[in-house]
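The block underneath contains the structure these notes are about, expressed in structure tokens.
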Amino acid sequence: MSKTALITGIGGQDGSYLAEFLLERGYQVHGIKRRASLFNTQRIDHIYEDPHSGNARLHLHYGDLSDTSNLTRVISEVQPDEVYNLGAQSHVAVSFEAPEYTADVDAIGALRVLEAIRFLKLEKKTRFYQASTSELYGLVQEIPQRETTPFYPRSPYAVAKLYAYWITVNYREAYGMYACNGILFNHESPRRGETFVTRKITRGLSNIAIGLERCLYMGNLDSLRDWGHARDYVRMQWMMLQQETPEDFVIATGVQHSVRQFIHWAAEDLGLTLEFSGEGENEIGRVVAKSGNLAPAVNVGDVIVQVDARYFRPAEVETLLGDPTKAKEKLGWVPEISVRDMCAEMVAEDLKAAQRHALLNKHGLHLPLSMEF
Ligand code: NDP
Ligand code: GDR
């Protein structure tokens, strides 16, 4: 008998990789997607199967983590063996603008899913994964951060995720549910949302290379992050639900780099060498050398990166570095894709998209840059 999984946030970066991964393992995969006025399933369109075919294994349900009756009905219909709660307002900076919505979806959303499982008396059948985050460590109390490091959240997003973390632990302890937290450090991919820092860099510099934009405006370049690849991290989400007893795990690479370093790598993948000068709000990145012809629109001497204070956060998480020892020792998990290779993969994809965009522009189809195609 194949297993059945339900993924909230199936249309997001992780949801799309996880759905692929579970389908490859023979699962029936159900996903909750939000209704939007435009299609929002681009990341999963390639695995979509026509339900009329009779043997489709990917099933989509409209829903929302703010809607208790919807979640309860979908879980009742699906009777999942595994629930992956990946849905969230996941942008830290946005959470300062929309703190109440973020709390409702990211904190109470997790409670709603757990409570639906309990209400439907599925506690013994359904295993629950909560997408917890390294943002819980915030103002770090220990370096590197591990499962026992105290939390100190620094944003409405992180505070909401703190509730979700503890309610997951609580349902495990109170009701004997198989419920666990993956405390995941930043993970990226060509499918990363365009406003997270790595994708903003690879997409922005690729657009500049082709002449679609002139300058990349950035926030805090000194931030240090432990970046991995989403494909490696969803494998670990599944592994966590296959153990005998539920536990929480830190998922990280154990290596950190600055935002500025990531910009250097992306530029290098386009044949550009940058030099940074100035400080804080006045820092700029200038092209000091160029090789190859991947960036025809850029000349030596061009300033293509500028710091813009509007991207500074009211409270910043300056440094994150994870210790994945427990995941390695207990589950045998090791990340396979390095951050440097991941950056090259992201630049290659974004450059192709920029070239397609420029070609359409050349033929009179002037699409707005925000439009995906
Ligand atoms: P994304 O932002 O790419 O995806 C989030 C998904 O949640 C999207 O499909 C989104 O739908 C959906 N969603 C948003 N609001 C709601 C809602 N109210 N009801 C139902 N679904 C909703 O995030 P990632 O894939 O990168 O991350 C997955 C999870 O892991 C998130 O919970 C995130 O907070 C957490 N996390 C991510 C890390 C990372 O580095 N990527 C690290 C640690 C934790 P739509 O497409 O319609 O917007
Ligand atoms: P983060 O990711 O906040 O760590 O949350 P993000 O990529 O947004 O920022 C990482 C660091 O880069 C700095 N930064 C900028 N960030 C953005 N978005 N845009 C900029 O222009 C910019 N300039 C500098 C930020 O200040 C920050 O220090 C991500 C999300 O996926 C969360 O959902 C997840 O929980 C954590 O990772 C782990």
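The UniProt record's numbering puts the first residue of the sequence shown at 1, with every later residue one more than the last. Yeah, the Cβ is synthetic: ideal placement off N, Cα and C, and Gly gets one too.
- Cβ-Cβ separation, G322 to P144 (assumed contact under 8 angstroms), whole Å: 6 angstroms
- Task: Count the other CB atoms, across all protein chains shown, that sit within 10 Å of the CB of N181; report buried if there are 16 or more and exposed otherwise.
- Result: buried
- Just checking, does the segment 4 to 18 make contact with the segment 79 to 95 on the three C-beta pairs under 8 angstroms criterion? yes
- Message: Among K161, L365, H61, L120, whose alpha-carbon lies nearest the alpha-carbon of E135?
- Response: K161
- Task: Taking only heavy atoms of the ligand NDP into account, decide whether any of them is closer than 7 angstroms to the Cβ of residue 375.
- Result: With the chain covering only 1 through 373, there is no way to say anything about residue 375.
- Task: Establish whether the CB of D232 and some CB of chain B are separated by less than 8 angstroms.
- Result: Among the chains in the structure shown there is no chain B, since it carries only a single protein chain.
- Task: Keeping to the same chain, check which residues put their C-beta closer than 6 angstroms to that of F128; ignore five residues upstream and five downstream.
- Result: V83, A179
- Message: Buried or exposed, going by whether 16 or more other CB atoms sit within 10 Å of the CB of L359?
- Response: exposed
- Residue environment, S132, which counts as buried when at least 16 other CB atoms sit within 10 Å: buried
- Task: Given a cut-off of 8 angstroms, decide if S223 and V259 are closer than it, judged by their beta-carbon atoms.
- Result: yes
- Indicate, with yes or no, if the ligand GDR has a heavy atom lying under 7 angstroms from the CB of R225. yes
- Query: With burial defined as no fewer than 16 other Cβ atoms inside 10 Å of the residue's Cβ, what is the status of A267: buried or exposed?
  - Reply: buried
- Is A110 near I32, with beta carbons less than 8 angstroms apart? no
- Message: So for S72, helix, strand or coil by DSSP?
- Response: Checking the sequence shown, residue 72 turns out to be Thr, not Ser. Helix, per DSSP.
- Looking at C-alpha atoms only, which residue of R191, R340, V94, E49 is the closest neighbour of R43? R191
- Message: Are the CB atoms of L23 and R80 within a distance shorter than 8 angstroms?
- Response: According to the sequence provided, residue 80 is Pro. The question's Arg does not apply to it. Not closer than 8 angstroms, so no.
- Message: Is H52 near the ligand NDP - that is, is its Cβ less than 7 angstroms away from at least one heavy atom of it?
- Response: no
- Message: Considering only their Cβ atoms, is the gap separating I183 from D269 smaller than 8 angstroms?
- Response: no
- Apply the 10 Å Cβ neighbour rule to F185 and answer buried if 16 or more other Cβ atoms are within range, or exposed otherwise. buried
- Item | 3 or more residues per run - each beta strand (DSSP E) lying fully within the segment 249 to 313 | 249 to 251, 272 to 277, 284 to 290, 303 to 307
- Task: Could you tell me whether any non-hydrogen atom of the ligand NAD is closer than 7 angstroms to the CB of N220?
- Result: As far as ligands go, the structure on display features the ligand NDP and the ligand GDR and does not contain the ligand NAD.
- Expressed to the nearest angstrom, what Euclidean distance is found between the alpha-carbon atoms of Y217 and L367? 21 angstroms
- Query: The alpha helix (DSSP H) with A353 in it runs from where to where?
  - Reply: 339 to 362
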